[in-house]
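J.:
Protein chains in written order, with the working numbering: chain A, 1 to 249; chain B, 1001 to 1458.
Structure follows, in structure tokens:
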């Protein structure tokens, strides 16, 4: 599904990613862990096409297609979804309208019929209910006045409605209490299947208790320095990253 | 009715000479105004005359237009329907004259033509357009809401059907504790001049919500001057949406003449083509504990030009004044322009006043967020522009009234997308984007930056 080869990227001429090799087969969930500043969020932004990051080397193919040559909206249409670490507020933009516009843009690009307001609201209300989100969240402006936890849940709601093939969750667990954490994990687990993969960026083992990954990768100084099974996350929780970082900065 | 042709200041003065003897009210007031107008002329109407107050707006196009009284009655049903959607008293003026047959006026209504009174706030000696109005005003609204009465919503619909110059004289009095929401809509067809002067007196603890929708003909001139006096603990909550007209000036003089008075002078301007709209305000805090709020949002497309001149004056006695003023603009094309001049003049020592201006491009993070959800770039930009405007309209708290404004905004966007469809072949983006440097204000101006990258399609 996702093949990253020798990916290097910088922002404002500052190298952040220094040669990432990573393969996420279809149907698998991979966790990305690592210390602050190691490039985890950058990887998510580069994969989703944020323009201020410059790819300086490497390739990314997604289901056999060159992902790096696509606009952000084309990547979304192809099935890439980034759950933002700090979801953006959109004053003056109604959450339901935003979600319906996004869903219909993606459906249009796939040659599917668009949903009208009634069809969409039925879908959105059902998903919101599953995520234990208050009813008025669909009526409010996107992320405006939302608590930290509500913003994260709103990201998961978008994911549930847009049904991506590759979800990149950038610290979606941070700032969530244990109940919200389970709701988020359940939201991702509900999408799991042979056509769905996820990259889960996290600092904490506890999300991975509920969202068990197939592989765990440790990112440090812009490279993947260690890859292992779910046990690796538990080891890191105990011992930290110190032993994994070559010639520690 | 005889059609008479007027042109320039001389044309207006000639008209005054012709009709002076049959105008209502005190002829001495008219003569004084005429003398003021003779001295001032139309700002920018001749190259020699250019005052600071009219620095950014020239009325030369007004001076060059021949106005004439309409030849006969035109069907205005379609225009009247634009003010529909509210079950409330309706006052209709067509080409400057009250139309009883179309109106359902509220209690406390009278016509200026029947009870001519030029009020106490307007200054012919200072404002040329007020002098012109005072010289030629024939009709207008006089509305008095009795003490303690909540009059609900009253709609004032000013319709123009041709090429006339009309100078309505309106006065609204809210006695102590009275409440009124005035929805003031100006629409029309043709190359006319609409030059209203409005005086509003807000009594103690009274509350006037004044929502103005300027959706005039694209060939028209809309030059409105409003004087507001707010006494103790009274509130004037004003919002102006400028969408139409070739040249617009909305000029406000608000005085907080009692303690704890509140003035809101919010607005939005949505312009395209070669439209020019000037939002000018002077807020005078005369007494302590006053609050004034002003946010004006501009969305400027094509070669349009927006002007914001805002001034807050705080008198020595007006301690604990809280004043805020902000002008924000989005430029949707490299040829659009905003001139912004916020000013503060403070003589009290214990006040909180802030002001500023932003001229911006769309927020890159917001744009990326929308695109990352699959929304194409052009559509994402349009969403953000509309959200910027919507945030401005949200200052109007009445849902049905805001819905009327939103309907006009929607029609505006529909017109733009129709034009965009027909003009796509000729669109170019080759020209580098330069904005004219902002003119220095007396106190502080912000730099301006045109929107980088692609212009925004609807």
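Here a beta-carbon is modelled for each residue, glycine too, at the ideal position from N, C-alpha and C. Given the structure is predicted, the values throughout are model-derived calculations rather than measurements.
Just the Cα atoms here: how many angstroms apart are residue 63 of chain A and residue 76 of chain A?
T.: 13 Å
J.: Which residues in the same chain have their Cβ closer than 7 Å to the Cβ of residue 1102 of chain B, if we skip the five residues on either side of it in sequence?
T.: 1080, 1092
J.: Closer than 8 Å, Cβ to any Cβ of chain B: which residues of the stretch 55-77 of chain A, in chain order?
T.: 71, 72, 73, 75, 76, 77
J.: What is the DSSP secondary structure of residue 1399 of chain B, counted as helix, strand or coil?
T.: In the structure shown, residue 1399 of chain B sits in a helix (DSSP, three-state: H, G or I).
J.: Under the rule that 16 or more other beta-carbon atoms within 10 Å means buried, what is residue 1098 of chain B, buried or exposed?
T.: buried
J.: Going along chain A in order, which residues have a C-beta closer than 9 Å to the C-beta of residue 1403 of chain B?
T.: Taking a Cβ-Cβ cut-off of 9 Å, residue 1403 of chain B has no neighbours in chain A, whose nearest Cβ is about 14 Å from it.
J.: Excluding the five sequence neighbours on either side, which residues of its own chain have a C-beta within less than 6 Å of the C-beta of residue 1133 of chain B, listed in chain order?
T.: Correct list, in chain order: 1167, 1195, 1197.
J.: Cβ of residue 1063 of chain B within 7 Å of any heavy atom in the ligand FAD?
T.: In the structure on display, the ligand FAD does not appear, and there are no ligands present to speak of.
J.: Please give me, in chain order, every unbroken run of the alpha helix (DSSP H) with length at least 4 that falls completely inside the stretch 1061-1135 of chain B.
T.: You should have 1077-1081.
J.: So with CB distances below 8 Å, who are the chain A contacts of residue 1369 of chain B?
T.: Those within 8 Å of residue 1369 of chain B in chain A are 84, 87, 88, 90.
J.: Quick check for students: name the residue ranges of the alpha helix (DSSP H) that lie wholly in the stretch 1364-1401 of chain B, counting only runs of 4 or more.
T.: 1364-1372, 1377-1393
J.: Compare the C-alpha of residue 160 of chain A against each of B:1415, B:1373, B:1380, B:1179 and name the closest.
T.: B:1373
J.: Quick one: does residue 147 of chain A have its CB under 8 Å from some CB of chain B?
T.: With 8 Å as the cut-off, residue 147 of chain A does not count as an interface residue toward chain B.
J.: For residue 1021 of chain B, does the three-state DSSP call read helix, strand or coil?
T.: Under the three-state reduction of DSSP, residue 1021 of chain B is assigned to helix.
J.: Residue 102 of chain A by DSSP, collapsed to three states: which one?
T.: helix
J.: Between B:1118, B:1324, B:1311, B:1029, which lies nearest to residue 1345 of chain B when the distance is taken from Cα to Cα?
T.: B:1311
J.: How close, in whole Å, do the beta carbons of residue 1210 of chain B and residue 1236 of chain B come, if the pair is a contact with beta carbons under 8 Å?
T.: 7 Å
J.: Check for me: the alpha helix (DSSP H) holding residue 1032 of chain B runs from which residue to which?
T.: 1027-1040
J.: Between which two residues does the alpha helix (DSSP H) carrying residue 297 of chain A extend?
T.: The first residue shown for chain A is 1 and the last is 249, placing residue 297 of chain A beyond what the model contains.
J.: Return the CA-CA distance between residue 1172 of chain B and residue 1146 of chain B, expressed in angstroms with no decimal places.
T.: 11 Å
J.: Anyone know if the C-beta pair for residue 1187 of chain B and residue 1218 of chain B falls short of 8 Å?
T.: no
J.: Pairing CB atoms from the stretch 23-30 of chain A with CB atoms from the stretch 44-59 of chain A, are three or more of them under 8 Å?
T.: no
J.: Under the rule that 16 or more other beta-carbon atoms within 10 Å means buried, what is residue 141 of chain A, buried or exposed?
T.: buried
J.: Going by DSSP, what residues sit across from residue 1207 of chain B in a beta bridge?
T.: According to DSSP, residue 1207 of chain B bridges with B:1179, B:1235.
J.: Determine the direct distance from the alpha carbon of residue 189 of chain A to that of residue 1332 of chain B, and round the result to whole angstroms.
T.: Each residue's Cα considered, the two are about 43 Å apart.
J.: Starting from residue 72 of chain A, trace the alpha helix (DSSP H) in both directions and tell me its first and last residue.
T.: 72-78
J.: Quick one: list the residues of chain A neighbouring residue 1387 of chain B, beta-carbon separation under 7 Å, in chain order.
T.: 90, 91, 92, 93
J.: Can you check whether the C-beta of residue 125 of chain A is within less than 8 Å of a C-beta belonging to chain B?
T.: no
J.: Hey, is the stretch 1111-1121 of chain B in contact with the stretch 1024-1038 of chain B, meaning 3+ C-beta pairs nearer than 8 Å?
T.: yes
J.: Rounded to the nearest angstrom, how far is the Cβ of residue 1263 of chain B from that of residue 1283 of chain B, given a contact under 8 Å?
T.: 6 Å
J.: Drop a sphere of 10 angstroms on the beta-carbon of residue 1189 of chain B, count the other beta-carbons inside from all chains shown, and report buried for 16 or more, exposed for fewer.
T.: buried
J.: In chain order, what are the residue ranges of uninterrupted alpha helix (DSSP H) at least 4 long that sit wholly in the stretch 94-162 of chain A?
T.: Runs found: 95-109, 117-130, 148-162.
J.: Should residue 227 of chain A go down as buried or exposed, given a rule of 16 or more other Cβ atoms within 10 Å for buried?
T.: exposed
J.: Helix, strand or coil for residue 1335 of chain B, going by three-state DSSP, please let me know.
T.: For residue 1335 of chain B, the secondary structure class from DSSP, reduced to helix, strand or coil, is coil.
J.: Between the alpha carbons of residue 1068 of chain B and residue 1074 of chain B, how many angstroms are there, rounded?
T.: Cα atoms of residue 1068 of chain B and residue 1074 of chain B: separation of roughly 15 Å, rounded to the nearest angstrom.
J.: For residue 1214 of chain B, which three-state DSSP category applies?
T.: In this structure, DSSP gives residue 1214 of chain B an extended state, which the three-state scheme calls strand.
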